[in-house]
Amino acid sequence: MGEDMEVWKQVFQELIQELKPWHKWTLTLDKDLLPNTLQPGWSQYQQWAFARFQCSLCSRRWASSQVQVLFHMHKSKGEPQGQVKMRVFAQRCRKCCQSPFEVPEFTTENISRILNNLVFRILKKCYREGFKSMEELPMIKEISLEGPHDSNNCEACLQGFCAPVSPALASITNTYHHVERRVQVTHWREGLCSHIAPNPRCRYGNVCCFCLVL
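Each residue of the sequence shown is one higher than the last, beginning at -3 in the numbering used here.
So, in structure tokens, the structure goes:
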């Protein structure tokens, strides 16, 4: 993923340091990572996200809301450190014969949302912290997509690892575009909501990013 991977690492470190400033976590790319094939003591998180692709042969561009991002995570027992392995499944151009699998391009906002969801799973799985009812922050779709998922050119589908996106997530557009990452982190770290508008669904009586999706 080249330079894009550096963005993933940077955002991940910002998020984990907000919550666990004295703990050392690493994020590395592993192209051989497989869903539901875990080493002892490891946990899994996977998400289907919106991303764009470009064919390296014909320069055709396309978008997909079913790009699978897979994480395996592990915290060292009794130590303030852990590691995350990551794999992003590719897609290929349906117009070109024998086209290569292309790496997806994510917006910075969606990278942030994916990693927010990952960090929340780390809190829950590795630290036994967090709200039990927490749901994923949805991805932002830049455009409306029509037609079925191109399973014939999806790496995850061809390897038997793809699954349909849930209807609730599939119907979400950019409603949450203006939610700030620091507000999300503050809600979890401080145990309170950062906005002041009353909201009966919020356990603290306010509106916040999590109350919008719970």
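Glycine included, C-beta positions come from ideal geometry on N, C-alpha and C.
Computed from a prediction, not measured in an experiment: that's the story for all the values here.
Alpha carbon of residue i to alpha carbon of residue j, nearest angstrom
| i | j | result |
| --- | --- | --- |
| P31 | V99 | 18 Å |
| R88 | L25 | 20 Å |
| M1 | A47 | 15 Å |
| A152 | F49 | 15 Å |
| S95 | P76 | 44 Å |
| C222 | S60 | Residue coverage of the chain in this structure runs from -3 to 210, which leaves residue 222 outside it and unanswerable. |
| Q13 | H19 | 7 Å |
| E105 | E138 | 11 Å |
| S52 | K73 | 44 Å |
| L29 | F116 | 21 Å |
| K27 | F67 | 11 Å |
| E132 | G143 | 24 Å |
| S147 | Y41 | 22 Å |
| R109 | T103 | 10 Å |
Residue i - containing alpha helix (DSSP H), residue span
| i | result |
| --- | --- |
| T24 | Counting along the chain, T24 falls outside any alpha helix (DSSP H), though it belongs to the beta strand (DSSP E) covering K20 to L25. |
| K121 | T104 to C122 |
Buried versus exposed call for residue i [16 or more other C-beta atoms within 10 Å across all chains shown]
| i | result |
| --- | --- |
| S140 | exposed |
| Q6 | exposed |
| Q155 | exposed |
| K16 | buried |
6 Å CB neighbourhood of residue i in its chain, flanking five on each side removed
| i | result |
| --- | --- |
| K71 | G78 and C122 |
| T22 | Q79 |
| F8 | L23 and L111 |
| L114 | Y41 and F67 |
Within-9 Å CB hit, residue i to chain D
| i | result |
| --- | --- |
| N32 | As a matter of chain content, chain D is missing from the structure shown, which is built from one protein chain. |
Chain-order list of residues whose beta-carbon lies under 7 Å from that of residue i (same chain, five-residue window excluded)
| i | result |
| --- | --- |
| E125 | L119 |
| F97 | A86, Q87, R88 and E151 |
| C54 | C89, K91 and C92 |
Residue range of the unbroken beta strand (DSSP E) whose run includes residue i
| i | result |
| --- | --- |
| L154 | Element bounds for L154: not the beta strand (DSSP E) but the alpha helix (DSSP H), E151 to L154. |
| G78 | Q77 to V84 |
| K71 | R57 to K71 |
| Q35 | That residue, Q35, is in no beta strand (DSSP E); it is neither H nor E in DSSP. |
Integer-rounded CB distance, given that residue j should sit under 8 Å from residue i
| i | j | result |
| --- | --- | --- |
| W4 | I107 | 6 Å |
| L34 | N112 | Between N112 and L34 the Cβ distance is about 22 Å, and since that is not below 8 Å, they are no contact. |
| R57 | N149 | That pair is no contact at about 14 Å. |
| S39 | M69 | 5 Å |
| V84 | M(-3) | 7 Å |
Beta-carbon contacts of residue i that lie in its chain and below 8 Å, excluding the five residues immediately before and after
| i | result |
| --- | --- |
| E101 | D0, A47, R48, F49 and Q50 |
| G37 | H70 and K73 |
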